[in-house]
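Quick notes on the structure that follows.
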Amino acid sequence: MRVLSVQMRDFRTYARAEAQLGPSLTVVHGPNGAGKSNLLEAIYFGCTARSPRTRNERELVRFGVSAMRVVVRVDDERQRHELSVGLQTRGEGRAEKVIAVDGAPLERPLESEQRPLLSVFAPDRLELVKGAPALRRAHLDQFVSGLWPVRGAARREYARVLAQRNALLGRVRTGSASSATISAWDRELARSALALSADRAAAVELLGGSFARQARQLGCQAELAVEYRPRSRAREEDEFVAELQARLRADLERGYTGHGPHRDELAIVREGRELRVFGSQGEQRLALLALLLAERAALEQERRRLPLMLLDDVMSELDSERRELLAAELSRDGQSVIATTDLAHVPGAGEAHVTRLRVSPGTVLGEAVAA
Ligand SMILES: Nc1ncnc2c1ncn2[C@@H]1O[C@H](COP(=O)(O)OP(=O)(O)OP(=O)(O)O)[C@@H](O)[C@H]1O
Ligand SMILES: [Mg+2]
24 MRVLSVQMRD FRTYARAEAQ LGPSLTVVHG PNGAGKSNLL EAIYFGCTAR SPRTRNEREL
84 VRFGVSAMRV VVRVDDERQR HELSVGLQTR GEGRAEKVIA VDGAPLERPL ESEQRPLLSV
144 FAPDRLELVK GAPALRRAHL DQFVSGLWPV RGAARREYAR VLAQRNALLG RVRTGSASSA
204 TISAWDRELA RSALALSADR AAAVELLGGS FARQARQLGC QAELAVEYRP RSRAREEDEF
264 VAELQARLRA DLERGYTGHG PHRDELAIVR EGRELRVFGS QGEQRLALLA LLLAERAALE
324 QERRRLPLML LDDVMSELDS ERRELLAAEL SRDGQSVIAT TDLAHVPGAG EAHVTRLRVS
384 PGTVLGEAVA A
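Numbering-wise (the numbering used here), the sequence shown opens with residue 24 and increments by one.
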């Protein structure tokens, strides 16, 4: 699935603008504050109805107006489609979002199967490497649904049963339910927990070798690896149920379930030590990039589906040799958009297969410069 264009109406700095993406590499260039990151964000928002940068979607509406809209045109090899997401703000309350495909309104955003897959590199995404385990779990689960769309259901089912069990623990604590009722949920929780862990383990297995290789190629001197560290060692439902039961007293004291895949970790390690704690800034950046490239390779291999890579400010801290390697890797296949202040930082940016978009401060997105 290819993204052909993005059209913005009152999205951040853009009053009205449209950008046509190239089939392979598109380089978005312009000075600081020109609107490069905004453009990448618009592509993401148009595809997923979410911002990769902020949870407060009101920020996306151009200053001084109350509504915005992004339209992304995609080509899925058989047909062209138009995905649109609009946001209307009213007073201080929640913004109202309207999502549509080919003009027909949708209740909720498209599943990843029905829209382009996306992969984002941006300086604030370093949190994925540095931040709390929950971020990496969520990222891993998204990768699992990208690889095997039907398996996304395992995560939703686990979350549902966990919430039920937690609610019941709360009721037992206040004396409005008996602790015997909890064990009824344990088996269900065990079933979905094992399914979820198996999916996560299989996904990390696919990533492992290529992550280490990508990191090495990007010039990381130390040996990097990804490791899935499940909370539970259970292989059978009975074992998981026993683990839960052994912790029942603690769960009742806390009022929530302390054991299970919602406490798993996807560890990124540098020679045996956690990169989030011991990695340098540069190593963490390289690790993030290597992780995204490894995921891309896995999606290509498993699904023949490459994500659209949105790479914001990726080149500035790479040396010229790594820039060459990255540009070559991205040009090999699939679609990517790179934002940079300096066109010279993107090797081959002047070549015919590269689309260049110049962004200038203000509202208008420049035309692609002729080769
Ligand atoms: N809702 C909004 N309405 C109008 N302008 C906005 C809005 N949100 C952000 N901006 C402006 O967008 C500009 C930043 O744009 P953006 O982050 O895309 O720049 P950039 O080209 O990526 O710059 P850099 O090279 O520094 O990363 C800022 O000047 C900011 O004030
Ligand atoms: Mg930027």
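We treat Cβ as the ideally placed atom computed from N, Cα and C, and that holds for glycine. The structure displayed is predicted, hence computed values, not measured ones.
{"query": "Near R138, what residues of its chain come up, given a Cβ to Cβ distance below 6 Å and the 5 sequence neighbours on each side ignored?", "result": "C70"}
{"query": "Cβ of D365 within 7 Å of any heavy atom in ligand 2?", "result": "no"}
{"query": "Can R270 and G278 be called in contact, C-beta distance under 8 Å?", "result": "no"}
{"query": "Could you check what DSSP says for S107 in three-state terms: helix, strand or coil?", "result": "strand"}
{"query": "Do Y181 and A216 have their beta-carbon atoms positioned less than 8 Å apart in this structure?", "result": "yes"}
{"query": "Would you mind stating whether F34 and V93 have Cβ atoms separated by less than 8 Å?", "result": "yes"}
{"query": "From which residue to which residue does the beta strand (DSSP E) around T71 run?", "result": "Segment K59 to T71 is the alpha helix (DSSP H) holding T71; no beta strand (DSSP E) there."}
{"query": "How many angstroms separate the CA atom of L349 from the CA atom of L312?", "result": "10 Å"}
{"query": "Is there contact here, the segment 230-249 with the segment 182-199, by at least three beta-carbon pairs under 8 Å?", "result": "no"}
{"query": "Is G53 near ligand 1, with its Cβ less than 7 Å from a heavy atom?", "result": "yes"}
{"query": "Under the DSSP definition of a beta bridge, which residues are partnered with F144?", "result": "L334"}
{"query": "Over what stretch of residues does the beta strand (DSSP E) that includes V121 continue unbroken?", "result": "E119 to V124"}
{"query": "How far does the beta strand (DSSP E) with S359 in it reach, from first residue to last?", "result": "S359 to T363"}
{"query": "Out of curiosity, what's the CA-to-CA distance linking E425 and G193?", "result": "This structure does not reach residue 425, given that the chain is present from 24 up to 394, and the question cannot be answered."}
{"query": "Residue ranges of each beta strand (DSSP E) run of no fewer than 3 residues wholly in the segment 239-314, ordered along the chain?", "result": "247-252 and 288-293"}
{"query": "Looking at the structure shown, is E211 part of a helix, part of a strand, or coil, going by DSSP?", "result": "helix"}
{"query": "With DSSP as the reference, please indicate the residues paired to Q30 in a beta bridge.", "result": "E41 and V94"}
{"query": "Straight-line CA distance for E344 to A290?", "result": "28 Å"}
{"query": "With 16 other CB atoms within 10 Å as the buried threshold, where does A393 fall?", "result": "Low local confidence applies: a pLDDT of 38 at A393 is under 50, so the model's placement there is unreliable, with the coordinate-based value given in what follows. Flag for A393 reads exposed."}
{"query": "Between the beta-carbon of V121 and the beta-carbon of Y67, is there less than 8 Å?", "result": "no"}
{"query": "Check whether the Cβ of S89 sits closer than 7 Å to any heavy atom of ligand 1, and report yes or no.", "result": "no"}
{"query": "By Cβ distance below 6 Å, which residues in the same chain neighbour H376 in space, the five residues on each side in sequence not counted?", "result": "S47"}
{"query": "With respect to the beta strand (DSSP E) encompassing A372, which residues constitute its N-terminal and C-terminal limits?", "result": "Careful: A372 lies outside any beta strand (DSSP E) and carries neither H nor E."}
{"query": "What do you reckon, are the CB atoms on D342 and A362 nearer than 8 Å?", "result": "no"}
{"query": "Buried or exposed for E250, please, with buried defined as at least 16 other CB atoms from any protein chain shown within 10 angstroms of its CB.", "result": "exposed"}
{"query": "Going by the beta-carbon positions, is the gap between A321 and L141 smaller than 8 Å?", "result": "no"}
{"query": "Taking 8 Å as the threshold, find out whether the segment 57-66 comes into contact with the segment 127-137 through three or more Cβ pairs.", "result": "no"}
{"query": "For N189, collect the residues of the same chain with a Cβ closer than 7 Å to its Cβ; drop the 5 residues on either side in sequence, then sort them by chain order.", "result": "Y279 and T280"}
{"query": "Please check the pair E374 and L230, which I expect to be a contact at CB under 8 Å, by giving their CB distance rounded to whole angstroms.", "result": "About 31 Å; that fails the 8 Å criterion."}
{"query": "What did DSSP end up calling E390 once you bin it into helix, strand or coil?", "result": "Low confidence applies here, because E390 scores a pLDDT of 49, under 50, leaving its location unreliable and the question unanswered by this model."}
{"query": "Just verifying my parser: in three-state terms, what is the DSSP assignment at R174?", "result": "helix"}
{"query": "Is the Cβ-Cβ distance between L212 and L267 less than 8 Å?", "result": "yes"}
{"query": "Do F263 and A226 have their C-beta atoms closer together than 8 Å?", "result": "no"}
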